[in-house]
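Here's the structure we're looking at; comments come further down.
Numbering (our numbering), first residue to last: 1146 to 1471.
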């Protein structure tokens, strides 16, 4: 039982494990070319001199698609995860339900996942327990936002966005950093000052407090249609630590501009979810109207592609190895 737990933990963290000449299913032999742990991969991305990108996913299948596309990391979007569960992005999905989704996503991939962990689902005690559970499942980091539980999605118009007390949130970050067992597990502090209608001074004050509390990076959020909030912050921040942005609203800004500002990481935050909604709405409406699959079949993935993404070939190989021959 202990061996099984060790193997499971090692696999989720991207390690290659071999025990007494037996290579376990899905676990490759250890070699000098082995990937770093998922946590180390994420930390290296946050501290890279190059602009890095992570892409949204919301279940095991979309996570695997993100990795196959070539992305080096995944954003476990709170909006997308709640939406695919059919509930609102207001902490209606419990943290245990979110962690269950994370487990499938982590098992399906070998690249790091940064979870959009809202406010940490409560106070410091809830947040530090979350960190332990994410580490158990091979998730590389958590992004916590300085708002009150239950959270309100930042992109809502006309909604109150009350912020947490700075000291309380900084201590929440410290509790998470003190709890983690892997030194490379990343805590990203998401500053919502601009979202809540505050100015640059408040954003800077919060970012500096969270960085001093141990945050591995600052996510500076804005819902303006231009990057003026981000530009002002980056100039005042003066490279005190890695900065992550989410350009959902200011998407027309050339990516090179983010490089010029010194941004560390860009999150493409919800576009797999949104594109899948459009595709499913179109497919479902057409089938309902035409009562036929004739015009649909050539425009959707084949069943064989579904099997491929599920890695059915590994099961066939395992059956040949582990099932008795007739």
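By construction, the Cβ of each residue, glycine as well, lies at the ideal position given by its N, Cα and C atoms.
In this structure, residue 1404 places its C-beta atom within 9 Å of the C-beta atom of residue 1196.
The Cβ-Cβ distance between residue 1237 and residue 1222 does not fall below 9 Å.
Following the DSSP letters along the chain, one finds residue 1249 in no beta strand (DSSP E) but inside the alpha helix (DSSP H) bounded by residues 1240-1252. In the three-state reduction of the DSSP assignment, residue 1287 falls in the strand class. In this structure, residue 1286 lies away from residue 1328, with their beta-carbon atoms at least 9 Å apart. Between residue 1210 and residue 1454, the CB-CB gap stays under 9 Å. Excluding sequence positions up to five before and after residue 1251, its CB lies within less than 7 Å of the CB of 1157, 1258, 1282, 1283, 1284, all in the same chain and listed in chain order. Proximity to residue 1311 across 1358, 1340, 1297 peaks at 1358, based on C-alpha coordinates.
A direct Cα-to-Cα measurement between residue 1388 and residue 1462 gives close to 44 Å.
Of the residues assessed, residue 1452 falls on the exposed side of the cut-off, its CB having fewer than 16 other CB atoms within 10 angstroms. Taking 9 Å as the cut-off, the Cβ atoms of residue 1212 and residue 1255 count as close. With respect to the C-alpha of residue 1346, the residue from 1318, 1375, 1427 having the closest C-alpha is 1375. The beta-bridge partner set that DSSP reports for residue 1187 is empty. Taken in chain order, the unbroken stretches of alpha helix (DSSP H) that lie wholly in the segment 1274-1352 and span 4 residues or more are 1311-1324. Here residue 1245 is not near residue 1220, since their CB atoms are 9 Å or more apart. As a beta-bridge residue in DSSP terms, residue 1388 pairs with 1363. In the three-state scheme derived from DSSP, where H, G and I count as helix and E and B as strand, residue 1234 is classed as coil.
Residues of the same chain with a CB within less than 8 Å of the CB of residue 1431, apart from the 5 flanking positions on each side, are 1440, 1441 in chain order.
Here the segment 1359-1374 lies against the segment 1330-1343, with 3 or more beta-carbon pairs under 8 Å apart. Residue 1200 is bridged by DSSP to 1219, 1413. Nearest to residue 1386 by alpha-carbon distance, out of 1377, 1181, 1225, 1363, is 1363.
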